[in-house]
Structure formats: C-alpha cells, structure tokens
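Going by numbering that gives the first Met the number 0, the first residue of the sequence shown is number 0, and it counts up by one from there. Ideal Cβ positions, reconstructed from N, Cα and C, are used throughout, including at glycine. Below is one structure, written out as structure tokens; the observations come after it.
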Amino acid sequence: MKVIHIADCHLLMEPEKGTPIGALRRKEIMEIVPRIVEVCNAEEADLLLIAGDLFHKAPRLMDLRELDHILSGLVHTKVVLIAGNHDYIGPRSYYTNYPWKARVTMLTDGELSHIAFPELRTTVYGFSYHTRDITEPLYDDVAPVGEGIHILLAHGGDAKNVPMNYKKIDLAGFDYAALGHIHKKEILTPRMAYAGSVEPLDRNETGEHGYMRVDIVEEAGEHRTEVTFVPFSQREYRDITVMVDGNSTNASIGETIKAMIAELGAKHLYRVALLGKRNEELVPDTEAFLGLGNITEIIDRTLPEYDLKALRKANADNLLGMFIEALSEENGEDAEIREKALYYGLSALLNK
C-alpha cells in the first residue's frame, strides 16, 4: 500500500506579508493541495494523510468547498485528515458536519476514533483538536485493534500541544504513525515520522520541505514499512554568510551576495549574515543589499577594524585609553567575548 503523508500546510497564511514576495508566497501555499493531488494521481497512492493544521486558521465554509472541489480531482486516493491547533474545531467551526465528498474522511471527534478501509485492509486512527492547546499526553495509551494495517494520524509533540512519548507510540503496534505540528521533517523511527511543513513558513524553517511517501508491504504475514522524504516546496529559506574585511566596500559586498544567490538558486529566500572586521569608515548599506534578490533579512555582525595601538596611545590619559587597556588582553578563555565587548564598546564611545 502506498501512502502520501503531509502536514502543516497552513493554507491562507502569507509568509513575508507586506514584502514584495508576500503575495506570491500566499499563492504558492494555496497551490500545495492541487500539486499534492497531482502527485497522488501520478503515483496511484492509496491514501493521502493530512496530519493537522491544513489551514492556518479556522476555515470559512467557502474555503472548505474550494478544498473539497480540489480533492475531488483524486482518481484513486482516499483522504483522511484531522484538525490541529491552528484550525481546531471550535463551537462554530464549519468542519463540524461538513458533507465531504466520498473520498474524504475527517476524524472530527475530540477523542480517538478510526475509519476502516476494508478494500485496503487498513484502519486509520486519530482525533481532532477542539481547543487550541491540549497539554495532556493523549497518545500515550493508544493502540490498534484487529488485523490488517494500522495507521495513527497525530498532531502534537510539545508541552502545549499533546506531549508525545515517541517510544510508547512506536511500541503500540501501528504500522505507521503520521505526525504533524513540528515543521521540521524527521523520520523518528522506521514506522514514525514528522512530515514537516510542506512549504517553509518563516525564515527559521531553513532547508528542504515536502512530504513523506510511505510504502507498507506485507511479507510472510508481517508488515514492512518504508518511509521516504520527498522534497516538494517551491522555495527554501537559506542562510548565507558573507565575510567582510578591511578592504571590503559596499559594492564588493553586494557583488558577493549576488554571486552567492546566483550559485545557490535565485528562487530561494535568503537571510544574509555579514561577519568580520570592516574598515572603520565603512557603514554596510543593508537597505541596498535587501534589493539584491529574495532577501528577507540582513544581519550585520561586522566590527570596525580599529587601530587599537594608535587609539590607546592617543588616549592614554583618559577613559577611552583605560577601556582599551582593560579589554585588550589577548590570552584567556574569555578572549573572544572580551574582544567583542571591546569593539562594541569602542563603536559606542566613538559613535561608529
């Protein structure tokens, strides 16, 4: 049996809102489900599992109708989904009693329930959030019942959102545990994984994002589970570091940034850190650097390259000279910390 496992789509969210790329990122997030439908049809997947936070907030009725129409394009695949902490089922939630088309099942109960697919000899277990926070470890004692393939669909894993004892879940007897809520992909065991967010949702979600492809094969009466992460996001957040020295100029720094982005891929989103010691007269033009590509943030950690000997000599009889002398000791375990304190202090005292 072939399963596609996704989580944390956060439809309706707009990362980088208010920036030139913000509207495009919202569009790309809204394209997740249509693209996943294409994957399911191409691979003839048996199940599409959506492990919570399909929407970034409680969906409107029209949002569900649009989603239901898109999912109706599935040819072979059946869908099972749950609500997470972002799109939880509140008193006026349209998730309640929504008439999904035949291929879609939502486990809306706030306690563990299941849906059986006799033709697949498979049962999927799970529950939906009915409040934003759930602090009880509700998955600790769950267990499958009966024969066939058993899959747990679960959302959580931190103190406020259903704490999980992964060892207990792994030993419970499920053939696969499809997890959501943690936005970083991770295959925890051969039978349990976080899919991560399909598209990266903020600048801290660096690296590859996508979905899990799960194959559950029966061999000699036993079930063998194979889990593979598949990169799928249209863009990635990436961090790059540009080293600056006393010969650097704003022009040369800008050229370096542009070259690095061209090499790594212009479509991606970048957080740029400037490091090193610059000429004390150089002020990095961070606003200009933001226009060199899809750059979400410029972090300037450079320090002015002061002539400490000359400064110390010229200020031997005042506070500035005493400050340099006190922090210029080169040896010791805290040398790096003292050097930073020295340069930051000099920048403040000299108004650089």
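Cα separation between Glu218 and Glu15? As a working note, residue 218 is residue 219 in the sequence shown. As a working note, residue 15 is residue 16 in the sequence shown. When rounded, the distance between both Cα atoms is 48 Å.
8 Å CB neighbourhood of Asp244 in its chain, flanking five on each side removed: Sequence index remark: in the sequence shown, residue 244 carries index 245 (1-based). Same-chain partners within the cutoff: Gly275, Lys276, Arg277 and Glu304.
Compute the distance between the beta-carbons of Ile81 and Gly125, then report whether it is under 7 Å. The residue labelled residue 81 in the question sits at position 82 within the sequence shown. The residue labelled residue 125 in the question sits at position 126 within the sequence shown. Cβ distance < 7 Å, so Ile81 and Gly125 count as in contact.
Quick test of the definition: if touching needs 3 or more C-beta pairs under 8 Å, does the region 84-102 touch the region 52-60? yes
Using only alpha-carbon positions, find the residue among Val282, Met259 and Leu268 that is nearest to Asn353. Because the chain here runs from 0 to 351, residue 353 falls outside it and cannot be looked at.
Tell me the DSSP secondary structure of Lys339 in three-state form. Translated into positions along the sequence shown, residue 339 becomes position 340. Note: Lys339 maps to helix in three-state DSSP.
Taking the Cβ atom as the reference point for each residue, do Glu185 and Ser232 lie within a distance shorter than 7 Å? Looking up residue 185 in the sequence shown gives position 186. Looking up residue 232 in the sequence shown gives position 233. Not in contact: Glu185 and Ser232 (Cβ atoms no closer than 7 Å).
Here's the rule: buried if 16 or more other CB atoms are within 10 angstroms of the residue's CB, otherwise exposed. What is Thr122? Indexing the sequence shown from 1 puts residue 122 at position 123. Buried is the call here.
Separation of Gly21 from Ile28, as counted between CA atoms: Counting from one through the sequence shown, the residue named residue 28 turns up at place 29. Counting from one through the sequence shown, the residue named residue 21 turns up at place 22. Their Cα atoms are separated by approximately 11 Å.
Can the beta-carbon of Val36 be found closer than 7 Å to that of Gly83? For the purposes of this step, residue 36 is identified with residue 37 of the sequence shown, where counting begins at 1. For the purposes of this step, residue 83 is identified with residue 84 of the sequence shown, where counting begins at 1. Result no, Cβ atoms of Val36 and Gly83 do not sit closer than 7 Å.
Inside the region 146-193 only - alpha helix (DSSP H) runs reaching at least 4 residues: 165-170
Residues in its own chain within less than 6 Å of Val32 by CB, not counting five upstream and five downstream? What you label residue 32 is simply residue 33 of the sequence shown in a count that begins at 1. The residues are Ile69.
Please determine, among Trp99, Glu43 and Asp45, the residue with the shortest C-alpha to C-alpha distance to Glu65. For the purposes of this step, residue 65 is taken as the residue at position 66 of the sequence shown. Among Trp99, Glu43 and Asp45, the Cα nearest to that of Glu65 belongs to Trp99.
Own chain, CB closer than 6 Å to Thr104, minus 5 neighbours either side, in chain order: On the sequence shown, residue 104 is found 105 positions in, with the first residue counted as 1. Within the same chain, Thr104 has close Cβ partners Val79 and Ile114.
With Asp45 and Leu119 assumed to form a contact (beta carbons below 8 Å), what rounded beta-carbon distance in angstroms separates them? Looking up residue 45 in the sequence shown gives position 46. Looking up residue 119 in the sequence shown gives position 120. Right, their Cβ atoms sit about 6 Å apart.
From which residue to which residue does the alpha helix (DSSP H) around Arg270 run? Position 271 of the sequence shown, counting from 1, holds the residue named residue 270. Premise fails: Arg270 lies in the beta strand (DSSP E), Leu268 to Arg277, not in any alpha helix (DSSP H).
Distance, Gly51 Cα to Gly195 Cα: Within the sequence shown, the letter at position 196 stands for residue 195. Within the sequence shown, the letter at position 52 stands for residue 51. Taking the straight line from one Cα to the other gives about 11 Å.
Helix, strand or coil at Thr248 [DSSP, three-state]: The residue labelled residue 248 in the question sits at position 249 within the sequence shown. Residue state, collapsed to three classes: coil.
For Ile294, tell me which candidate among Asp140, Ile3, Ile260 and Ala177 has the shortest Cα-Cα distance. Here residue 294 refers to the residue found at position 295 when the sequence shown is read from its first residue. When only C-alpha atoms are compared, the closest one is Ile260.
Going by DSSP, what residues sit across from Val356 in a beta bridge? With the chain covering 0 to 351 only, the question about residue 356 has no answer from this structure.
Would you mind stating whether Arg131 and Tyr87 have Cβ atoms separated by less than 7 Å? Taking the sequence shown and counting its residues from 1, the one referred to as residue 131 is at position 132. Taking the sequence shown and counting its residues from 1, the one referred to as residue 87 is at position 88. Yes, the pair counts as a contact, with Cβ atoms nearer than the cut-off.
For Gly155, count the other beta carbons within 10 Å of its own beta carbon; 16 or more makes it buried, fewer makes it exposed. Which is it? Here the question's residue 155 lines up with position 156 in the sequence shown. Counting Cβ neighbours within 10 Å, Gly155 comes out buried, since at least 16 surround it.
What residues in its chain sit with their C-beta under 6 Å from that of Lys183, if we drop five residues either side in the sequence? The residue given as residue 183 occupies position 184 in the sequence shown. Only Gly195 meet the Cβ criterion.
Is Tyr128 closer than 7 Å to Ile150 when the C-beta atoms are compared? On the sequence shown, residue 150 is found 151 positions in, with the first residue counted as 1. On the sequence shown, residue 128 is found 129 positions in, with the first residue counted as 1. The answer is no: Cβ separation not under 7 Å.
Using beta-carbon positions only, say whether His9 and Ala177 come within less than 7 Å of one another. For this step, residue 9 is matched to residue 10 along the sequence shown. For this step, residue 177 is matched to residue 178 along the sequence shown. Contact: no.
Using a threshold of 7 Å, state whether the C-beta atoms of Leu273 and Val241 are closer than that. As a first step, residue 273 must be located in the sequence shown, where it is residue number 274. As a first step, residue 241 must be located in the sequence shown, where it is residue number 242. Going by C-beta atoms, Leu273 is nearer than 7 Å to Val241.
Could you compute how far the alpha carbon of Ser112 sits from the alpha carbon of Ala153? The residue given as residue 112 occupies position 113 in the sequence shown. The residue given as residue 153 occupies position 154 in the sequence shown. Whole-angstrom Cα-Cα distance: 12 Å.
Looking at the secondary structure, which residues open and close the beta strand (DSSP E) in which Ile49 lies? Numbered from its first residue, the sequence shown carries residue 49 at position 50. Here the beta strand (DSSP E) through Ile49 covers Leu46 to Ala50.
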